[in-house]
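The structure under discussion appears below in the form of C-alpha coordinates.
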Amino acid sequence: MLEELRRQVWEANMELSRRGLVTYTWGNVSGIFREEGLVVIKPSGVEYEKLTPGMLVILDLEGNRVEGDLNPSSDTPTHLELYRAFPGIGGVAHTHSVYATAWAQAGRGLPCYGTTHADYFYGEIPCTRNLTPQEIGEGYEKNTGKTIVEAFDGRNPAYVPGVLCKNHGPFTWGRDAAQAVYHGVVLEEVARMNLMTELLSRGGDCRAPKSMVEKHFSRKHGPDAYYGQRREQS
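Numbering-wise (the working numbering), the sequence shown opens with residue 545 and increments by one.
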(Lines of atoms letter the chains of each structure in order from A and count residues from 1; the text may use other names and numbers.)
(Lines give C-alpha, C1' and ligand atoms only; values in the text may rest on other atoms or scores of the structure.)
Protein backbone atom coordinates (compact mmCIF):
# COMPACT_ATOMS: atom_id res chain seq x y z
CA MET A 1 0.00 0.00 0.00
CA LEU A 2 2.80 2.42 0.87
CA GLU A 3 4.59 1.79 -2.42
CA GLU A 4 1.33 2.36 -4.29
CA LEU A 5 0.85 5.63 -2.41
CA ARG A 6 4.39 6.66 -3.31
CA ARG A 7 3.62 6.06 -6.98
CA GLN A 8 0.33 7.99 -6.77
CA VAL A 9 2.00 10.96 -5.08
CA TRP A 10 4.79 10.99 -7.67
CA GLU A 11 2.21 10.95 -10.49
CA ALA A 12 0.28 13.77 -8.83
CA ASN A 13 3.43 15.88 -8.56
CA MET A 14 4.18 15.27 -12.23
CA GLU A 15 0.61 16.28 -13.10
CA LEU A 16 1.24 19.68 -11.50
CA SER A 17 4.06 20.17 -13.98
CA ARG A 18 2.06 18.85 -16.94
CA ARG A 19 -0.81 21.21 -16.17
CA GLY A 20 1.51 24.21 -16.05
CA LEU A 21 0.77 25.01 -12.40
CA VAL A 22 4.40 25.10 -11.28
CA THR A 23 7.52 26.98 -12.34
CA TYR A 24 10.88 25.37 -11.54
CA THR A 25 10.32 23.80 -8.08
CA TRP A 26 7.45 26.02 -6.88
CA GLY A 27 5.01 23.36 -5.77
CA ASN A 28 4.48 20.11 -3.95
CA VAL A 29 1.95 17.33 -3.44
CA SER A 30 1.56 14.85 -0.61
CA GLY A 31 -0.64 11.88 0.23
CA ILE A 32 -1.45 10.11 3.46
CA PHE A 33 -1.76 6.46 4.45
CA ARG A 34 -4.28 6.98 7.25
CA GLU A 35 -4.13 3.47 8.68
CA GLU A 36 -0.42 3.84 9.43
CA GLY A 37 -0.38 7.62 9.96
CA LEU A 38 2.30 8.06 7.27
CA VAL A 39 2.64 10.90 4.77
CA VAL A 40 4.47 10.75 1.42
CA ILE A 41 5.65 14.12 0.09
CA LYS A 42 7.90 15.65 -2.55
CA PRO A 43 11.47 16.43 -1.46
CA SER A 44 12.49 20.07 -1.15
CA GLY A 45 13.94 21.89 -4.15
CA VAL A 46 14.05 18.93 -6.55
CA GLU A 47 13.20 19.80 -10.15
CA TYR A 48 10.25 17.94 -11.61
CA GLU A 49 12.31 16.75 -14.58
CA LYS A 50 14.58 14.89 -12.17
CA LEU A 51 11.97 13.66 -9.68
CA THR A 52 11.54 9.88 -9.31
CA PRO A 53 9.20 7.93 -6.99
CA GLY A 54 12.18 6.78 -4.95
CA MET A 55 13.09 10.37 -4.08
CA LEU A 56 9.83 10.98 -2.21
CA VAL A 57 10.07 11.28 1.55
CA ILE A 58 7.91 9.35 4.04
CA LEU A 59 7.11 10.95 7.41
CA ASP A 60 4.83 10.35 10.35
CA LEU A 61 2.24 12.92 11.37
CA GLU A 62 4.69 14.49 13.81
CA GLY A 63 7.13 15.18 10.99
CA ASN A 64 9.62 12.45 11.86
CA ARG A 65 11.33 10.96 8.82
CA VAL A 66 10.52 7.29 8.33
CA GLU A 67 12.06 6.73 4.92
CA GLY A 68 14.06 8.75 2.39
CA ASP A 69 17.46 10.40 2.17
CA LEU A 70 16.34 13.85 1.00
CA ASN A 71 14.84 16.70 2.96
CA PRO A 72 11.05 16.86 2.65
CA SER A 73 9.31 19.89 1.18
CA SER A 74 9.71 23.04 3.26
CA ASP A 75 5.89 23.20 3.26
CA THR A 76 5.63 19.83 5.04
CA PRO A 77 4.46 21.33 8.36
CA THR A 78 1.54 22.99 6.54
CA HIS A 79 0.52 19.68 4.98
CA LEU A 80 0.72 17.95 8.35
CA GLU A 81 -1.49 20.57 10.01
CA LEU A 82 -4.13 20.00 7.33
CA TYR A 83 -4.01 16.21 7.72
CA ARG A 84 -4.40 16.52 11.47
CA ALA A 85 -7.25 19.04 11.30
CA PHE A 86 -9.17 17.58 8.32
CA PRO A 87 -9.38 13.81 8.86
CA GLY A 88 -11.40 13.26 5.70
CA ILE A 89 -8.69 14.34 3.27
CA GLY A 90 -6.16 12.02 1.64
CA GLY A 91 -3.99 14.39 -0.40
CA VAL A 92 -2.75 18.01 -0.37
CA ALA A 93 -1.35 20.11 -3.22
CA HIS A 94 0.37 23.49 -3.13
CA THR A 95 1.39 25.72 -6.03
CA HIS A 96 2.22 29.30 -6.87
CA SER A 97 -0.03 29.25 -9.95
CA VAL A 98 -0.27 32.74 -11.40
CA TYR A 99 -3.94 33.72 -11.14
CA ALA A 100 -4.65 32.09 -7.78
CA THR A 101 -1.48 33.60 -6.34
CA ALA A 102 -2.46 37.04 -7.64
CA TRP A 103 -5.73 36.83 -5.69
CA ALA A 104 -3.80 35.63 -2.63
CA GLN A 105 -1.38 38.54 -2.91
CA ALA A 106 -4.34 40.90 -3.09
CA GLY A 107 -5.71 39.29 0.05
CA ARG A 108 -8.99 38.39 -1.60
CA GLY A 109 -10.98 35.20 -1.52
CA LEU A 110 -12.63 33.92 -4.69
CA PRO A 111 -16.37 34.72 -4.80
CA CYS A 112 -18.62 32.28 -6.62
CA TYR A 113 -19.39 34.02 -9.90
CA GLY A 114 -20.58 31.05 -11.90
CA THR A 115 -21.28 27.39 -12.37
CA THR A 116 -17.66 26.32 -12.94
CA HIS A 117 -16.88 27.42 -9.41
CA ALA A 118 -20.11 25.99 -7.97
CA ASP A 119 -19.49 22.56 -9.48
CA TYR A 120 -16.46 22.07 -7.21
CA PHE A 121 -16.50 24.66 -4.40
CA TYR A 122 -19.56 25.44 -2.30
CA GLY A 123 -19.36 29.19 -1.87
CA GLU A 124 -16.37 31.48 -1.59
CA ILE A 125 -12.86 30.08 -1.55
CA PRO A 126 -11.43 31.95 1.43
CA CYS A 127 -8.18 33.83 1.79
CA THR A 128 -6.40 33.53 5.12
CA ARG A 129 -5.42 36.43 7.33
CA ASN A 130 -1.89 37.80 7.53
CA LEU A 131 0.45 35.93 9.80
CA THR A 132 1.85 38.00 12.64
CA PRO A 133 5.61 38.69 12.79
CA GLN A 134 5.84 36.22 15.66
CA GLU A 135 3.99 33.53 13.67
CA ILE A 136 6.35 34.08 10.74
CA GLY A 137 9.42 33.98 12.94
CA GLU A 138 8.43 30.96 14.97
CA GLY A 139 7.14 28.00 12.98
CA TYR A 140 6.20 29.83 9.78
CA GLU A 141 5.03 26.80 7.79
CA LYS A 142 3.22 25.24 10.74
CA ASN A 143 1.45 28.53 11.44
CA THR A 144 0.49 28.79 7.77
CA GLY A 145 -1.39 25.54 8.28
CA LYS A 146 -2.98 26.83 11.45
CA THR A 147 -4.28 29.96 9.70
CA ILE A 148 -5.84 27.74 7.02
CA VAL A 149 -7.61 25.71 9.69
CA GLU A 150 -8.70 28.95 11.34
CA ALA A 151 -10.17 30.17 8.03
CA PHE A 152 -12.29 27.01 7.91
CA ASP A 153 -14.01 27.61 11.22
CA GLY A 154 -17.65 27.20 10.17
CA ARG A 155 -16.73 25.88 6.71
CA ASN A 156 -16.73 22.28 5.53
CA PRO A 157 -13.33 21.42 3.99
CA ALA A 158 -14.99 18.67 1.95
CA TYR A 159 -17.28 21.26 0.33
CA VAL A 160 -14.56 23.90 -0.16
CA PRO A 161 -11.43 21.86 -0.95
CA GLY A 162 -9.07 24.80 -1.30
CA VAL A 163 -7.80 28.05 0.17
CA LEU A 164 -5.66 31.06 -0.70
CA CYS A 165 -2.90 31.92 1.77
CA LYS A 166 -2.40 35.67 2.05
CA ASN A 167 0.68 36.87 0.12
CA HIS A 168 1.60 33.26 -0.60
CA GLY A 169 -0.57 31.07 -2.84
CA PRO A 170 -3.15 28.28 -2.99
CA PHE A 171 -3.43 24.99 -1.16
CA THR A 172 -5.97 22.41 -2.30
CA TRP A 173 -6.91 18.96 -1.06
CA GLY A 174 -9.06 15.96 -1.87
CA ARG A 175 -9.72 12.30 -1.20
CA ASP A 176 -6.25 11.51 -2.60
CA ALA A 177 -3.25 13.23 -4.14
CA ALA A 178 -4.72 13.13 -7.65
CA GLN A 179 -7.92 14.87 -6.58
CA ALA A 180 -5.94 17.47 -4.65
CA VAL A 181 -4.15 18.38 -7.90
CA TYR A 182 -7.45 18.31 -9.82
CA HIS A 183 -8.89 20.86 -7.40
CA GLY A 184 -5.75 22.96 -7.82
CA VAL A 185 -6.30 23.03 -11.58
CA VAL A 186 -9.95 24.03 -11.14
CA LEU A 187 -9.07 26.71 -8.58
CA GLU A 188 -6.57 28.27 -10.97
CA GLU A 189 -9.15 28.36 -13.77
CA VAL A 190 -11.73 29.90 -11.44
CA ALA A 191 -9.21 32.56 -10.38
CA ARG A 192 -8.52 33.40 -14.04
CA MET A 193 -12.22 33.56 -14.89
CA ASN A 194 -12.96 35.74 -11.87
CA LEU A 195 -10.31 38.27 -12.83
CA MET A 196 -11.75 38.56 -16.33
CA THR A 197 -15.27 38.78 -14.93
CA GLU A 198 -14.35 41.67 -12.65
CA LEU A 199 -12.59 43.50 -15.45
CA LEU A 200 -15.61 43.15 -17.74
CA SER A 201 -18.20 43.96 -15.09
CA ARG A 202 -16.38 47.10 -13.92
CA GLY A 203 -17.29 46.52 -10.32
CA GLY A 204 -20.78 45.13 -10.83
CA ASP A 205 -22.19 42.41 -8.60
CA CYS A 206 -21.45 39.19 -10.47
CA ARG A 207 -22.17 36.68 -7.73
CA ALA A 208 -24.11 33.64 -8.90
CA PRO A 209 -27.62 33.28 -7.45
CA LYS A 210 -27.75 31.03 -4.41
CA SER A 211 -30.25 28.73 -6.14
CA MET A 212 -27.79 28.16 -9.00
CA VAL A 213 -24.91 27.54 -6.61
CA GLU A 214 -26.99 25.00 -4.69
CA LYS A 215 -28.10 23.26 -7.87
CA HIS A 216 -24.68 22.92 -9.43
CA PHE A 217 -22.97 21.78 -6.27
CA SER A 218 -25.67 19.29 -5.31
CA ARG A 219 -25.89 17.68 -8.76
CA LYS A 220 -22.24 16.61 -8.40
CA HIS A 221 -22.03 16.02 -4.65
CA GLY A 222 -24.16 14.39 -1.98
CA PRO A 223 -26.91 11.77 -1.94
CA ASP A 224 -28.92 13.30 -4.80
CA ALA A 225 -25.97 13.78 -7.20
CA TYR A 226 -26.75 12.79 -10.78
CA TYR A 227 -23.83 14.20 -12.80
CA GLY A 228 -21.78 11.57 -14.64
CA GLN A 229 -22.32 7.84 -15.05
CA ARG A 230 -23.65 5.52 -12.39
CA ARG A 231 -21.40 2.62 -11.45
CA GLU A 232 -23.21 -0.70 -11.51
CA GLN A 233 -23.01 -2.64 -8.28
CA SER A 234 -21.47 -6.07 -8.75
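Just so you know, even glycine gets a beta-carbon here, dropped at the ideal spot from N, CA and C.
Legend entry - R562, DSSP secondary structure in three states: In the structure shown, R562 sits in a helix (DSSP, three-state: H, G or I).
Legend entry - Per DSSP, the bridge partner or partners of L603: Beta-bridge pairing links L603 to V583, R609.
Inset, instruction - Taking T692 as part of the alpha helix (DSSP H), name the residues at either end of that continuous run. - result: The amino acid at residue 692 is misidentified as Thr; the sequence shows Ile. DSSP places I692 in the uninterrupted alpha helix (DSSP H) bounded by 684–695.
Inset, instruction - For the beta strand (DSSP E) holding W717, just list the boundary residues, first then last. - result: Taken as a continuous stretch (DSSP letters only), the beta strand (DSSP E) holding W717 covers 713–718.
Inset, instruction - May I have the straight-line CA-CA distance separating E685 from D768, to the nearest angstrom? - result: Going by C-alpha positions, E685 is about 39 Å away from D768.
Inset, instruction - Please go through the same chain and pick out, in chain order, the residues whose beta-carbon is closer than 7 Å to the beta-carbon of M599, but skip the five residues on each side of it. - result: Around M599: P587, V590, L614.
Inset, instruction - State the Cα-Cα distance for the pair E593 and S745, rounded to the nearest angstrom. - result: Each residue's Cα considered, the two are about 41 Å apart.
Inset, instruction - Out of Y771, L739, P753, point me to the one whose CA is closest to A648's CA. - result: Ranking Y771, L739, P753 by Cα distance to A648 puts L739 first.
Legend entry - Cα-Cα separation, G683 to S755: Distance between the alpha carbons of G683 and S755: 42 Å.
Inset, instruction - Using three-state DSSP, classify V590 as helix, strand or coil. - result: In the structure shown, V590 sits in coil (DSSP, three-state: anything other than H, G, I, E or B).
Legend entry - C-alpha gap between E679 and T688, whole angstroms: Straight across, the Cα-Cα distance linking E679 with T688 is about 8 Å.
Inset, instruction - Hey, could you find the ends of the beta strand (DSSP E) N572 is sitting in? - result: Segment 571–577, the beta strand (DSSP E) holding N572.
Legend entry - Residues that G653 bridges to, as DSSP identifies them: According to DSSP, G653 shares a beta bridge with no other residue.
Inset, instruction - Sort out for me which residues DSSP pairs G706 with in a bridge. - result: Looking at the DSSP assignment, G706 forms a beta bridge with T716.
Inset, instruction - Starting from A769, follow the beta strand (DSSP E) in both directions and report where the run begins and ends. - result: Taken as a continuous stretch (DSSP letters only), A769 belongs to no beta strand (DSSP E), as it is neither H nor E.
Inset, instruction - Check whether the region 719–736 touches the region 657–664, taking contact to mean three or more Cβ pairs, one atom from each stretch, closer than 8 Å. - result: In short, these stretches touch, since the Cβ pair count reaches three.
Inset, instruction - Taking H638 as part of the beta strand (DSSP E), name the residues at either end of that continuous run. - result: Counting along the chain, the beta strand (DSSP E) containing H638 begins and ends at 635–639.
Inset, instruction - Keeping to the same chain, check which residues put their C-beta closer than 7 Å to that of Y643; ignore five residues upstream and five downstream. - result: For Y643, where only same-chain residues beyond five positions count, the Cβ hits under 7 Å are E732, A735, R736, L739.
Legend entry - Nearest-angstrom Cα separation, counted from P677 out to I692: Straight-line Cα distance between these residues: approximately 17 Å.
Inset, instruction - Taking R736 as part of the alpha helix (DSSP H), name the residues at either end of that continuous run. - result: DSSP places R736 in the uninterrupted alpha helix (DSSP H) bounded by 721–745.
Inset, instruction - Excluding the 5 residues preceding and the 5 following R786 in the sequence, name in chain order all residues of the same chain whose CB lies nearer than 7 Å to its CB. - result: Residue 786 lies beyond the range of the chain shown here (545 to 778); nothing can be said about it.
Inset, instruction - With DSSP collapsed to three states, give me the class of P621. - result: DSSP places P621 in helix when its eight states are reduced to three.
Legend entry - Same chain, Cβ closer than 6 Å to F630, neighbours up to 5 away in sequence not counted: Counting only Cβ-Cβ distances below 6 Å, and skipping sequence neighbours, we find P701.
Inset, instruction - Identify whether P701 lies in helix, strand or coil by the three-state DSSP scheme. - result: For P701, the three-state secondary structure derived from DSSP is coil.
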